[in-house]
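Here is the structure we will look at, set down as structure tokens.
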Amino acid sequence: ATTGGRGGGHIQRFPGKISGFMDSNPVTIGPDGSVLDAVRMMIDRDESACIVVDEEKNIIGILTPRELLSPLLGLQVEEGPPIYIMGLTDEDFFEKTVAEEKLRRVINKGLKFRPDITEVSVRIKKGKSQGNRTRYEITGRALSSDGQLNTTANGWDLLTVFDELCVALGKTISRTKPERKPRKRRRRSR
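One point on numbering: in full-length UniProt numbering, the residue at position 92 of the sequence shown is 92, and numbering is uninterrupted.
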């Protein structure tokens, strides 16, 4: 593109010096800083980047919204009915996440047989203890449009008992496949 109305005229480059375009006071944060703090500073100052600097103010990297969104996009919401696990304390967080993942797999398989399942709840009761072992009784309930499906399992190891409950719940769901309405058949005229 040329300036002026005639061809072959002077080609004007981007006008001005870099100092006129740059931000003299950019958003900066240390490598040990919180991601939440970086996001808040970027939003408060309406910036599209945050520069990561070390103690001597040497640039280590640049943090942009693209880097912040990529881990969040990896988290996908699971489809299917909601799953509630009650009776585990905060200390059992690992067991709860493993148990929920196992249960979700069983329910997703069961949805092929029973697409009318709307909710699944599991209640874990801690029973008597012997030494450092605790007996668990787990009750699983799947709600569907025509009622509820119940299963129970009990034992000493929480994850083993949960596996037993998942197997039993899967069998219960597949056995109670709703019957299809019979098609009306035409009668032959004689």
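Note that CB positions come from ideal geometry on N, CA and C, so glycine has one too.
Assuming contact is defined by CB atoms lying nearer than 8 Å, are D37 and I29 in contact in what I supplied? yes
Going by Cα to Cα distance, which pick from S145, S144, G127 and Q148 is closest to I138? G127
Note down, in chain order, each residue of its chain lying with its Cβ closer than 7 Å to the Cβ of V106, except the 5 sequence neighbours on either side. C166, L169 and G170
Over the uninterrupted beta strand (DSSP E) stretch that includes M22, give me the two end residues. First-last for M22: undefined, no H or E at that position.
Taking the C-alpha atoms as reference points, what is the distance between I173 and C50? 52 Å
Report yes or no: is there a C-beta of chain C within less than 8 Å of the C-beta of I138? The chain inventory of the structure shown lacks chain C, comprising one protein chain alone.
Indicate the three-state DSSP secondary structure (helix, strand or coil) for E137 in the structure shown. strand
Looking at the ligand MN, does it come within less than 7 Å of K125, judged from the CB to the closest heavy atom? This structure lacks the ligand MN; in fact it carries no ligand of any kind.
Per the DSSP calculation, S144 is bridged to which residue(s)? I117 and G147
Express the C-alpha separation of N154 and T118 in angstroms, rounding to a whole number. 25 Å
Quick one: measure Cβ to Cβ for D116 and S144, integer angstroms, because I've assumed they're closer than 8 Å. 5 Å
So, with DSSP's three-state summary, where would you put S174? helix
Ignore the nearest five residues each way along the sequence and tell me which others in M41's own chain have a CB closer than 8 Å to its CB. V27, I29, E47 and C50
Check the C-beta distance from V52 over to I62 and give it rounded, since I have them as a contact under 8 Å. 7 Å
Using a Cβ-Cβ cut-off of 7 Å (strictly less than) and excluding sequence neighbours within five positions of G87, which residues of its own chain qualify? R123, I124 and K125
Return the CA-CA distance between A1 and G16, expressed in angstroms with no decimal places. Residue placement at A1 is flagged as unreliable, the pLDDT there being 49, under the threshold of 50; a coordinate-derived value is accordingly withheld.
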